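All remarks here apply to the structure that follows.
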Amino acid sequence: MLHINGLTYRIGGRVLLENASVAVAAGHKVGFVGRNGTGKTTLFKLILGDIAADDGSISVRPRSRIGTVAQEAPSGPESLLDSVLAADTERSALLIEADTATDPGRISDIHTRLADIDAHTAPARAASILAGLGFDEASQARSCSDFSGGWRMRVALAATLFAAPDLLLLDEPTNHLDLEATLWLESYLASWPGTLVVISHDRTLLNTVVDGIIHLQQLKLTRYAGGYDRFEKTRSERLANEAKMRTKQIAEQKHIQSFIDRFKAKATKARQAQSRVKMLARMQPIASVIEDRTVTFDFPSPDPLSPPLIALDDAAVGYDEDTPILQDLDLRIDMDDRIALLGANGNGKSTLIKLLSARLHVMKGRLTKSGKLTVGYFAQHQTDELSPTSTPLQTLSGLMPNAIESKVRAQLGRFGFGADKVGTAIGDLSGGEKARLLFA
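Reminder that position 35 of the sequence shown reads as 35 in the working numbering, one-by-one numbering, no gaps.
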């Protein structure tokens, strides 16, 4: 289905791919992994033809349809259901033609083709996908413009799935999903009949959905069989074996060089020494193992505070004073608590978090906080608030006005931003890198 051969791509003088090759057979599902910023999304753009490679080739099986989630989510007056149905362009075109065609033979052909593509079940299939992604029947009839950007991205995902392309490219498809929608998507993709390549950091998805892993590292693409856990085990064993072979080769090279140094000047051993020189020259060096740099960070332990940190007593919160989203809230949070907040779509999880972080205020009842409490807040769509023209160094310097530049750089370095990244425009960073910048 997909063949990548000798692919090289550079951007701004930086090499992202160099003589990289890999193949994905029809019907296979593979996860695409690699460190943030190494070029995973760029490879998708190359496959889609949005950008051109410097060298090498990418080929897709003839007459195959490639599908990916549109960058621009639907935002017009059409209903969610109609927006998803429109993704099947052949069905839409046939229905329009059926209304205007006058030739009996052509009308017959149109209806035959509509039957072939199972057009009459399309609304039910589209509705089922939307339901899986968290839209009830009433929501499906509402206009796309009624929903926020994150919800509209779910509609874009639903449209891509409904179109049922031969080759499906998904870039972090669970980013805008809650737990229930993520579980549904994993189940849906597991039974997907086409070819799938998915970029994801979701270990569960990469273990339950895919049958192979493509790893992007050191400008190359390497294919592994099985899910993510098997990939980790196989790769770890391969790296250990390569390290062992390299150690053995270095020892052998030293032994041969020692023989050459000892006997090259002796006439009786000169021929043997020369033979060893040739042997040494013929050895193919085994490259040293270079692991991806990992980002290791922790949250500093805060000073002890008097309990409770936060308490809610019969509280209500919402965006409209007349319509609370949550009410009758009673909650106590103490030092060392670790709490996961679960709930169905639209039940107010984000609203509660905004209340606890003082982005919303109680409409009734009481919220009390420990006197010296400070709250850190990281939201799903917070990366959208970063200035695309600013750099990580400028962004963090603005938040640390009294810190010298070396301290700011050190903080960025803890989160994987080396000298080559601190001056990069945020708009050119990957989604994962933007998230790390927010954590920094």
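Just so it is clear, CB atoms sit at the ideal spot from N, CA and C, and this is done for glycine as well. Computed from a prediction, not measured in an experiment: that's the story for all the values here.
Just to confirm my understanding: we take residue i, look at its own chain, exclude 5 residues before and 5 after, and list those with CB closer than 7 Å. What are they?
i      : result
His28  : Thr195, Asp211, Gly212
Ala53  : Leu7, Thr8, Tyr9, Leu46
Glu97  : Ile110
Pro324 : Ala316, Val317, Gly318, Met363
Ile51  : Lys45
Gly423 : Thr391, Leu393
Taking the straight line between their C-alpha atoms, what separation do you get for residue i and residue j?
i      : j      : result
Gln394 : Ala344 : 39 Å
Glu180 : Ser139 : 17 Å
Thr234 : Lys40  : 21 Å
Ala26  : Gly348 : 42 Å
Gln411 : Glu405 : 10 Å
Glu72  : Ala225 : 34 Å
Lys278 : Ile250 : 16 Å
Ile4   : Gln218 : 16 Å
Asp103 : Leu177 : 47 Å
Arg359 : Tyr377 : 10 Å
Glu237 : Arg414 : 28 Å
Asp298 : Ala440 : 10 Å
Arg223 : Met400 : 43 Å
Ala403 : Leu239 : 41 Å
Taking C-beta to C-beta, are residue i and residue j nearer than 8 Å?
i      : j      : result
Pro308 : Asp334 : yes
Ala311 : Arg332 : yes
Leu170 : Thr38  : no
Leu205 : Thr174 : yes
Leu386 : Leu437 : yes
Val22  : Ile214 : yes
Lys369 : Ala315 : no
Ser145 : Ser79  : no
Glu186 : Val209 : yes
Gly427 : Thr391 : no
Gly31  : Ser200 : yes
Thr68  : Leu48  : yes
Leu85  : Ala115 : no
Pro165 : Ile66  : yes
Leu305 : Lys372 : yes
With DSSP collapsed to three states, give me the class of residue i.
i      : result
Lys364 : strand
Gln394 : helix
Phe44  : helix
Asn451 : Here the chain comprises residues numbered 1 to 440, so residue 451 is not present and cannot be evaluated.
Leu342 : coil
Asp116 : helix
His215 : strand
His111 : helix
Asp485 : This structure cannot speak to residue 485, because the chain is shown only from 1 to 440.
Ala23  : strand
Lys421 : coil
Phe147 : coil
Thr174 : coil
Gly371 : coil
His448 : What is shown of the chain runs 1 to 440, which leaves residue 448 out entirely.
Ala403 : coil
Phe439 : helix
Ala141 : coil
Glu72  : coil
Gly431 : helix
Since residue i and residue j are thought to touch, with beta carbons under 8 Å apart, how far apart are those beta carbons, to the nearest angstrom?
i      : j      : result
Arg91  : Ala122 : 6 Å
Ile110 : Leu94  : 5 Å
Phe162 : Ile129 : 6 Å
Val375 : Leu355 : Not confirmed; about 11 Å, so no contact.
Asn207 : Tyr228 : 5 Å
Leu352 : Leu341 : 7 Å
Val24  : Val197 : 6 Å
Ser64  : Leu157 : Contact flag wrong, Cβ pair sits at about 20 Å.
Gln257 : Met283 : With a Cβ gap of about 11 Å, Gln257 and Met283 do not count as contacting.
Beta-carbon within less than 6 Å of residue i's beta-carbon, same chain only, minus the 5 sequence neighbours each way: which residues are those?
i      : result
Thr182 : Thr174
Asp55  : Thr8
Leu2   : Val24, Val60
In chain order, what residues of the same chain lie with their CB nearer than 8 Å to the CB of residue i, ignoring the 5 residues before and after it?
i     : result
Val81 : The sequence given here places Leu at residue 81; Val does not occur at that position. Once the five neighbours on either side are set aside, the close Cβ partners of Leu81 are Pro123, Ala126, Ala127, Leu130, Gln140, Ala141.
Glu18 : Thr8, Leu219, Lys220
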